[in-house]
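Enquirer: Everything in the sequence shown is counted per my numbering, starting at 12 for the first residue and increasing by one.
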Amino acid sequence: MCLADWWEEAATKVPKQQCRTFNGVFIYIVWNLCKERNGRIFENEHKTSAQVVALVKEDIVQIRRAMCIAG
């Protein structure tokens, strides 16, 4: 199963009112994995799994803060 198929199937199991949050978290995870991959390939930088998880959590905290200020 490809990632897109998994995402689509998983999203159907999430309650409708939480679907937007689920999608947002998923996107932040994939975004940070891509940034880590690119850092390893192009910048010779290496983060641990724990560091990548911390970055995802921090991104989510920041977007929540931004949404509270904006809304």
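Note that the Cβ used here is the ideal one computed from N, Cα and C, for glycine as well.
Distance check for Ala15 and Cys30, CA to CA, integer angstroms please.
Expert: Here the question's residue 30 lines up with position 19 in the sequence shown. Here the question's residue 15 lines up with position 4 in the sequence shown. Looking at the two C-alpha atoms, the distance is approximately 15 Å.
Enquirer: For Arg51 and Ile38, what's the separation of their Cα atoms in angstroms?
Expert: Taking the sequence shown and counting its residues from 1, one reaches residue 51 at position 40. Taking the sequence shown and counting its residues from 1, one reaches residue 38 at position 27. C-alpha separation (whole angstroms): 20 Å.
Enquirer: Grouping DSSP H, G and I as helix and E and B as strand, with all else coil, what is Lys24?
Expert: Reading the sequence shown from its first residue, position 13 is the one you call residue 24. The answer is coil: DSSP assigns Lys24 none of H, G, I, E or B.
Enquirer: What whole-angstrom Cβ distance do Val36 and Ile71 have, given they're in contact under 8 Å?
Expert: On the sequence shown, residue 36 is found 25 positions in, with the first residue counted as 1. On the sequence shown, residue 71 is found 60 positions in, with the first residue counted as 1. The Cβ separation is near 6 Å, so the contact holds.
Enquirer: Ignore the nearest five residues each way along the sequence and tell me which others in Glu47's own chain have a CB closer than 7 Å to its CB.
Expert: Position 36 of the sequence shown, counted from the start, is the residue given in the question as residue 47. The residues are Lys58, Val63.
Enquirer: Are the CB atoms of Leu66 and Asn43 nearer to each other than 8 Å?
Expert: Against the sequence shown, residue 66 aligns to sequence position 55. Against the sequence shown, residue 43 aligns to sequence position 32. Their beta carbons are under 8 Å apart, which means Leu66 touches Asn43 by this criterion.
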